[in-house]
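Novice:
There are 2 protein chains.
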Amino acid sequence: MSAKWISVLLLIQLSCYFDSVTCGKVLVWPTEYSHWINIKTILDELIQRGHEVTVLTSSASILIDPNKSSDIKFEVYPTSLTTPDLEILFMKWIKKMTYNMPKDTFWAYFSRLQEIFWEYSDCIERLCKDVVFNKELMIKLEESRFDVVLADAIGPCGELVAQLLKIPFLYTLRFSPGYTLEKLSGGLLTPPSYVPIVLLELYDRMTFVERIKNMIYMLYFDFWFQIFNMKKWDQFYSDVLGRDTTLIETMGKAEIWLIRTYWDFEFPRPFLPHFEFVGGLHCKPANPLPKEFEEFVQSSGKHGVVVFTLGSMVRNVTEERANTIASALAQVPQKVLWRFDGKKPDNLGPNTRLYKWLPQNDLLGHPKTKAFITHGGTNGIYEAIYHGIPMVGIPLFADQPDNIAHMKAKGAAVSLDIKTMTSADLLNALNSVINESSYKENAMKLSAIHHDQPVKPLDRAVFWVEFVMRNKGAKHLRPASLSLTWAQYHSLDVLGFLLACVAIVTFLVIKCCSFGYQKFFKTEKKEKKD
Amino acid sequence: MSAKWISVLLLIQLSCYFDSVTCGKVLVWPTEYSHWINIKTILDELIQRGHEVTVLTSSASILIDPNKSSDIKFEVYPTSLTTPDLEILFMKWIKKMTYNMPKDTFWAYFSRLQEIFWEYSDCIERLCKDVVFNKELMIKLEESRFDVVLADAIGPCGELVAQLLKIPFLYTLRFSPGYTLEKLSGGLLTPPSYVPIVLLELYDRMTFVERIKNMIYMLYFDFWFQIFNMKKWDQFYSDVLGRDTTLIETMGKAEIWLIRTYWDFEFPRPFLPHFEFVGGLHCKPANPLPKEFEEFVQSSGKHGVVVFTLGSMVRNVTEERANTIASALAQVPQKVLWRFDGKKPDNLGPNTRLYKWLPQNDLLGHPKTKAFITHGGTNGIYEAIYHGIPMVGIPLFADQPDNIAHMKAKGAAVSLDIKTMTSADLLNALNSVINESSYKENAMKLSAIHHDQPVKPLDRAVFWVEFVMRNKGAKHLRPASLSLTWAQYHSLDVLGFLLACVAIVTFLVIKCCSFGYQKFFKTEKKEKKD
Chain V
1 MSAKWISVLL LIQLSCYFDS VTCGKVLVWP TEYSHWINIK TILDELIQRG HEVTVLTSSA
61 SILIDPNKSS DIKFEVYPTS LTTPDLEILF MKWIKKMTYN MPKDTFWAYF SRLQEIFWEY
121 SDCIERLCKD VVFNKELMIK LEESRFDVVL ADAIGPCGEL VAQLLKIPFL YTLRFSPGYT
181 LEKLSGGLLT PPSYVPIVLL ELYDRMTFVE RIKNMIYMLY FDFWFQIFNM KKWDQFYSDV
241 LGRDTTLIET MGKAEIWLIR TYWDFEFPRP FLPHFEFVGG LHCKPANPLP KEFEEFVQSS
301 GKHGVVVFTL GSMVRNVTEE RANTIASALA QVPQKVLWRF DGKKPDNLGP NTRLYKWLPQ
361 NDLLGHPKTK AFITHGGTNG IYEAIYHGIP MVGIPLFADQ PDNIAHMKAK GAAVSLDIKT
421 MTSADLLNAL NSVINESSYK ENAMKLSAIH HDQPVKPLDR AVFWVEFVMR NKGAKHLRPA
481 SLSLTWAQYH SLDVLGFLLA CVAIVTFLVI KCCSFGYQKF FKTEKKEKKD
Chain R
531 MSAKWISVLL LIQLSCYFDS VTCGKVLVWP TEYSHWINIK TILDELIQRG HEVTVLTSSA
591 SILIDPNKSS DIKFEVYPTS LTTPDLEILF MKWIKKMTYN MPKDTFWAYF SRLQEIFWEY
651 SDCIERLCKD VVFNKELMIK LEESRFDVVL ADAIGPCGEL VAQLLKIPFL YTLRFSPGYT
711 LEKLSGGLLT PPSYVPIVLL ELYDRMTFVE RIKNMIYMLY FDFWFQIFNM KKWDQFYSDV
771 LGRDTTLIET MGKAEIWLIR TYWDFEFPRP FLPHFEFVGG LHCKPANPLP KEFEEFVQSS
831 GKHGVVVFTL GSMVRNVTEE RANTIASALA QVPQKVLWRF DGKKPDNLGP NTRLYKWLPQ
891 NDLLGHPKTK AFITHGGTNG IYEAIYHGIP MVGIPLFADQ PDNIAHMKAK GAAVSLDIKT
951 MTSADLLNAL NSVINESSYK ENAMKLSAIH HDQPVKPLDR AVFWVEFVMR NKGAKHLRPA
1011 SLSLTWAQYH SLDVLGFLLA CVAIVTFLVI KCCSFGYQKF FKTEKKEKKD
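As they're listed, the protein sequences go chains V and R. Each residue of the first sequence is one higher than the one before, counting from 1 in the numbering used here. Each residue of the second sequence is one higher than the one before, counting from 531 in the numbering used here.
1. Quick one: measure Cβ to Cβ for V:P177 and V:F228, integer angstroms, because I've assumed they're closer than 8 angstroms.
2. Are the C-beta atoms of V:P273 and some chain R residue less than 8 angstroms apart?
3. Given this structure, state the Cα-to-Cα distance separating R:V551 from R:Q983, to the nearest angstrom.
4. Check distances from the C-beta atoms of the region 782-798 of chain R to those of chain V and list, in chain order, the residues that come in under 8 angstroms.
5. Does the CB of R:I979 have a neighbour CB from chain V at under 8 angstroms?
6. Just reading off the alpha helix (DSSP H) that R:Y767 is part of, what are its end residues?
7. Rank V:F397, V:V433, V:D402, V:K410 by C-alpha distance to the C-alpha of V:I418 and give the top, closest one.
8. Specify the secondary structure class of V:G280 as computed by DSSP and reduced to three states.
9. With H, G and I counted as helix, E and B as strand and the rest as coil, what does DSSP make of R:M921?
10. According to the Cβ coordinates, are R:W559 and R:L586 closer than 8 angstroms?
11. If distances are taken between C-alpha atoms only, which option among R:K865, R:N877, R:G834, R:D871 comes closest to R:I855?
12. Chain V partners of R:I742, CB-CB under 8 angstroms?
13. Residues of chain R with a CB under 9 angstroms from the CB of V:F553: which are they?
14. So what does DSSP say about R:A957, is it helix, strand or coil?
15. For the alpha helix (DSSP H) that contains V:L141, what are its first and last residues?
16. Helix, strand or coil for V:A412? Go by DSSP, reduced to three states.
17. Between the C-alpha atoms of R:I1040 and R:L1029, what's the straight-line distance to the nearest angstrom?
18. Looking only at its own chain, which residues have a Cβ that is under 8 angstroms from the Cβ of R:I646, when we skip the five neighbours before and after it?
19. Quick check on DSSP: helix, strand or coil for V:Y262?
20. Identify every residue that forms a DSSP beta bridge with V:K73.
21. Hey, how far is the Cα of R:L680 from the Cα of R:L811?
22. Report buried or exposed for V:P270, applying the criterion of at least 16 other Cβ atoms within 10 angstroms of its Cβ.
23. Should the region 921-937 of chain R be regarded as contacting the region 894-907 of chain R, the criterion being three or more beta carbon pairs within less than 8 angstroms?
24. Quick check: is the beta carbon of V:V465 nearer than 8 angstroms to any beta carbon in chain R?
25. Which of helix, strand or coil does DSSP assign to R:Y885?
26. Can you grab the Cα-Cα spacing for the pair R:N909 / R:N933, in whole Å?
27. Would V:R49 pass as an interface residue toward chain R - the criterion being a Cβ-Cβ separation below 8 angstroms?
28. Which residues share a DSSP beta bridge with R:F838?
29. Who are the near neighbours of V:V462 in its chain, counting only those whose CB is closer than 8 angstroms to its CB and skipping five residues on each side?
30. Let me confirm a value: R:Y1047 is counted as buried when at least 16 other C-beta atoms fall within 10 Å, else exposed. Which label applies?
31. Do you know how far the Cα of V:H387 is from the Cα of V:V414?
32. In the structure shown, what three-state DSSP assignment does R:I786 receive?
33. For the alpha helix (DSSP H) containing V:T83, name the first residue and the last one.
34. Let me check understanding here. Comparing Cα to Cα, which of R:K761, R:W1016, R:L988 lies closest to R:T775?
35. Roughly how many angstroms lie between the CA atoms of R:F636 and R:H936, to the nearest whole one?
36. Does the Cβ-Cβ distance between R:S589 and R:P608 come in under 8 angstroms?
Spelled out as structure tokens, the structure:
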């Protein structure tokens, strides 16, 4: 290679270093399944804009596949877990959350949820230790001189790696149970009178009884529920960083929180300048369908088609449930495309076809699609919103019941319970969303809101990643509340002081009055005596 | 005119009617002085984008000049007031606020402020009545079929006109004292632990004593201070609308609040989705200076120039103050351009030139400009931020002390008191902001933040005006809190109920225990006796 070329390459290298806008280096701490599908859209766009993206992933990763052809770089760290181990763990948690949650008492329900979250957190902690205690890897990461870490807040570690590499970090997040992380680390406010606590399936307009429920749950989440085993995490973070700290404090250093919803989906609620609502950033126009799909869709005639999937984590249901569903689907005049990987139901109608994989977005964007039967994952719901398709929600776990509740509140969905629904329930629900015009109209309204933003969600997400790289943070957006103690934040010290002042003044006034009264009374008595 | 041309014109007319994006009709309820200068930028941009803009203005208007050549239409309504009347009133209020505010006790200070605001509100009410009771005008407005009203929230009436015309409305606003309107009508949250109440000159990071002060002021504004004479306004609005209503309720129907600040200026604080921070929307790159100015600026050599103005409302100061200022200015090596309309100070230095008008933005954007001496109006501060110029603030009234406090907190300004400052104070302040590099660096940081936004503030402001026209509102951004009573909003009913439950349960437990204890005790006693 000639000296001239070497100097040109050097110049390019230097331009990358000095101009982080056009050539930044992004390190990513992702989470599996739909979270990965969502964050990958941001990563692809960052690459498109000339940045270098490296994903930190374990040798046991499930969906995050370093071997798939992509411009994303992968830094695969070894772990004692295997992919099947991880898959078994995730499936166990999902099964527990879907079928084995004691819904009768809230205490039992959330104790079980906490138990599952702690198991999950132990697993993430193990992976995190495999990263930060891997000296060779950490030296390599340090030498790579990344500009920023983009992390999924629901799986801690990204913030620890960022602190060790002394670089700023951003989060992407759908929610944390009870908004714990958003509140404690992000400073988000959730006034219980009109901000329903996530997981309760409540709306923003609540009755008195619902507001009582919301308040009790808020208090429960604030004072009892622990999303992760904080004691363990605090100790781990303190040991690694060599100073007394906590997970919540470390997460609180996030520059920006990219929340994966928007006001087409979310109820209007207070937020802070370092929160950016980028829901539906993965949405895009539909591509033409593969021939096989297009032919089947076209064969539906004027009735159109129904698209049915339960997401990237759940590919089948029990035989009995599958039969119930198949029986309902057989009775609609539409053709149905069902993503299903189990035993073919006996009563599957001739109008229903089973597929191991569906081009979901392309189908939802097809003019013949009339309805979407969905488990209510945020990604899927956003694709339906994007294309204006009404939904029948069969939520399974996590935020799904809440997501469907939001769509129901906005008049774009009907909700069913996977465990108790009958064929007639599903049939009625499908007929409603297809034949009652309000569902389609409301879905189209949400679509209009989604499309009518000053900047597309993906562009906003990428803008803030680039902003943090350009400016080495976004300190001007950081609320001062994050530096206050809990008592200071709630002005308890101030109110205590003011109440004490009022008490002292009241006490003195009463004392003075009674002293004056006694003196006057005694003098009068004495005078009378005299 | 041929039939062909008539049909073409009809088609254009229809396209305006059906496609309000490209041809909306905007009715404007403005406020005088700097507020008009700011809102006019939005109006010019709306016209640029093909909309029709009509400004409702009285025959007594001061700065709002219907005769100035512009594409803005003016609907001038007759009023018994005259322009000199209005000018005298404004000057009286300014003088009171600048020189006659009893700063020693807060009670006296805010009582005087309320008094001034009530006088102002009476004046606005008079103008408002001149509009809504002018039947001919109201019929004309109705027939004009406007799509939206854009109003300055600090001068009520826009919302009333919008309600009468049955069209949506948006606000533009810098602030209202104590954030009263933003809180009561907009639902904005102001946690007293880190959101300093406007007018207190406090920062977001407060000491314990400052937080006590902030809490007391917040309580004062919440429970005592009335920005307008609400009883009068409520009666007026109820009479006109033919139903029991209040000013606060009517203002609460605003679709969007365009707040004239941004996070380069404001401390990070909670807000709601229907609040959009569009501070500095009027800022633009500097044009070349007129020859006379350019020559004077160039004559400053390496020392550069200082720009000095006290805004559109105050063109001079007392003779004694002018001499103090002139004496300080004479001692700096820079050339000084001073907007001043009074008697020429005796000790005016040869480096200082007086002007009745200054091309402020073009001067601030000139590479030779080293500092800006300003009264701290939001418009001027934003021009300094835009061009990265450090400031010496001499705040006079309204939000100006607060604005300068913000710039001081961000390290881009030094603050002086117009009434007490000496020549030495001004000289030291000027030397500091010019020679201590931190001031320039911080001003440049603010400038970088201002320029580094996903969408320019003017584009965002215009986007939301257009959005409201396109969608006949922005209901999806409206927080449910606006439908709650004060007690419901603060969850007082819920807390009361829960406390009552706790009290009853405690009472029953104690009763049961004491009953059990007595029974056990008596039995034992009896047994002992036996």
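Beta carbons: idealized from backbone N, C-alpha and C, even for Gly.
Specialist: Put simply:
1. 10 angstroms between Cβ atoms; not a contact.
2. yes
3. Note that R:V551 scores 48 on pLDDT, short of 50, meaning its location in the model is unreliable; the coordinates nonetheless yield the value given after this. Taking the straight line from one Cα to the other gives about 24 angstroms.
4. W793, D794, F797, P798
5. yes
6. 760-771
7. V:F397
8. coil
9. strand
10. yes
11. R:N877
12. V494, F497, L498
13. Outside the displayed span of chain V (1 to 530) sits residue 553 of chain V, for which this structure offers no information.
14. Just to set this straight, residue 957 of chain R is Leu in the shown sequence, not Ala. If DSSP states are grouped into helix, strand and coil, R:L957 belongs with the helices.
15. 135-143
16. coil
17. 16 angstroms
18. W623, K626, M627
19. coil
20. V:T54
21. 15 angstroms
22. buried
23. yes
24. no
25. strand
26. 10 angstroms
27. no
28. R:W868, R:I903
29. I42, E45, L46, R49
30. exposed
31. 17 angstroms
32. strand
33. 83-99
34. R:K761
35. 21 angstroms
36. yes
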